[in-house]
Structure formats: structure tokens, C-alpha cells
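Report on the following structure.
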Amino acid sequence: DSGVTQTPKHLITATGQRVTLRCSPRSGDLSVYWYQQSLDQGLQFLIQYYNGEERAKGNILERFSAQQFPDLHSELNLSSLELGDSALYFCASSYSGQGLGEQYFGPGTRLTVT
Amino acid sequence: GQQVMQIPQYQHVQEGEDFTTYCNSSTTLSNIQWYKQRPGGHPVFLIQLVKSGEVKKQKRLTFQFGEAKKNSSLHITATQTTDVGTYFCAGRTSGSRLTFGEGTQLTVNP
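In order, the protein sequences belong to chains A and B. The opening residue of the first sequence carries number 179 in the working numbering; numbering runs sequentially from there. The opening residue of the second sequence carries number 5 in the working numbering; numbering runs sequentially from there.
Right, here's the structure in full:
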């Protein structure tokens, strides 16, 4: 158990819909990272927040947005969903905002768009 | 942008054989990390390498960071069935972003 929690574990929705994925970082960690992993693919970095502020942005689509709240939990919002958005979405946390040290990954949310 | 390439994509070995995965970056890295993801699981941090030419060992696992800090390798000696999974390297240039390689999926036949 990494200490990072993600809800829900599974999500099935239809094209065009909007969903929200939730992540609670490990106690004491200030950074939250979001990654997308498609079937048998690597981890695509989406976005990082550090202590409530956006720190780094990766290949995140305009239809996707995220935020980190004062209690440090984070939400990833995916809208106008397409079939190609079906993937595992991982949240990771770390204490550092500089990318040093390990990232602790949550169990992931498996999103299926039908 | 920064690219991190990993080979091979798949590796099948008999239990007891050695295994190596290689990671190459298009740019010089400030550090590199390795993660393992078991089937159906999430990535788990293995190690971080920072110094040019650094070599670190964890039991049967040996990690190397190239002299030019553009490549790295993970070598497993005498694989066991518990080594099954996908091994990812992740490199950082500047800033806080890690770029992950595509991973090497290791299967071990008992």
C-alpha cells in the first residue's frame, strides 16, 4: 500500500460525457502528478500540482483539467469523452516539487468509454 | 521534446536466466529513476541514479547510469518468477517532470 488513494477504481461511461477522478496523496506529500496509461503503453505525464499550484504540464488535452485543493487532494476532470480516452489513470505523489525522489503511485482508476 | 526510449519492449526468459533492459534519452538527464509494475498493479519505485557512471545494486538487481548521463540499464541476475512485470525507466532533465520510457515487459517461465 503506497498510501495514495484513488477513487473510483473503475468507471464506465459513454462518449461525450464528463467524469471526475479523485486522488488523495500520501500524508505529508505536497506534489500530485497525473498519468495516463493506455493498454500495454507507457505512462504519459499529464500534469503536476505542488501545494495547490500547477507546477508542470505534459500532454494534457484541452478537454482535460485538474486542480489541487487546500487539503492537497486533487481531481482530474475529463470532458467530452472519446473512445480513445479509455485508459488507466494513475495519480502519484511526492514530497518534493522538483521531481527528485520517488513518486508513490495510487492503484489507478480504470476508465472505459463506450 | 525530451524522449526516453527503452528496449526491448518484451523479454521472455527461463527462470534462472539473466535479464537486461536498456534506457536511452535524447537529452542529458539530471537523474533517472526505475519503476516496476506488476501485472494489474501500479508502478513501484525501485531506485534513483543521479551521478555520472553511478552503479547501484539491490540484491539481484544492478542499475547503471551512463557516463554521459544519457543512458541507463537494469540487469537482473538469475531471474525468478517474482521478477515478472514491466520495468520502466523515467528520466528528468530540468524542472520537475519525469519522462517515462515505454517499459520492458518481462515474463519468466518456471
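Where a beta carbon is used, it is the ideal one built from N, C-alpha and C, also for glycine.
Helix, strand or coil: which one does DSSP assign to A/Leu278?
A/Leu278 falls in the coil class under three-state DSSP.
Inspect the beta-carbon positions of A/Val197 and A/Pro203 and report whether they are closer than 8 Å.
It is not a contact, given that the beta carbons lie outside the stated cut-off.
In chain A, which residues lie with their C-beta within 7 Å of the C-beta of B/Ser100?
Those within 7 Å of B/Ser100 in chain A are Gln226, Arg233, Ala234, Gly275, Gln276 and Gly277.
Got a sec? Which residues, its chain only, sit under 7 Å from B/Thr129 by beta carbon, not counting five neighbours each side?
Residue 129 of chain B lies beyond the range of chain B shown here (5 to 114); nothing can be said about it.
What are the start and end residues of each continuous beta strand (DSSP E) run of 3 or more residues lying completely inside the stretch 208 to 233 of chain A, in chain order?
The stretch 208 to 233 of chain A contains these whole beta strand (DSSP E) runs: 209 to 215 and 222 to 228.
Would you list the residues sitting across from B/Ile51 in a DSSP beta bridge?
DSSP output for B/Ile51 lists B/Trp38 as bridge partner(s).
Using a Cβ-Cβ cut-off of 8 Å, state whether A/Phe242 counts as contacting chain B.
No, A/Phe242 does not count as interfacial toward chain B.
Less than 7 Å between C-beta atoms, sequence neighbours within five positions excluded: which residues of the same chain meet that for A/Gln246?
Answer for A/Gln246: Val210, Tyr227, Gly230 and Ser252, listed in chain order.
Identify whether A/Leu261 lies in helix, strand or coil by the three-state DSSP scheme.
Three-state result, A/Leu261: helix.
What would DSSP say about B/Thr85, mapped onto helix, strand or coil?
B/Thr85 falls in the helix class under three-state DSSP.
So which residues on chain A does B/Leu75 lean against when the C-beta distance must stay under 8 Å?
The amino acid occupying residue 75 of chain B in the given sequence is Asn; Leu does not appear at that position. Chain A residues near B/Asn75: none, gap ~17 Å exceeds 8 Å.
Among A/Leu266, A/Leu189, A/Ser180 and A/Asp207, whose alpha-carbon lies nearest the alpha-carbon of A/Leu224?
Here the closest residue by C-alpha is A/Leu266.
Strictly under 8 Å for the Cβ-Cβ distance: is B/Pro47 near chain A by that measure?
With 8 Å as the cut-off, B/Pro47 counts as an interface residue toward chain A.
Looking at the secondary structure, which residues open and close the beta strand (DSSP E) in which B/Ile11 lies?
First-last of the beta strand (DSSP E) with B/Ile11: Val8 to Ile11.
Which residue marks the beginning of the beta strand (DSSP E) containing A/Gln195, and which one marks its end?
Here A/Gln195 belongs to no beta strand (DSSP E), and DSSP marks it neither H nor E.
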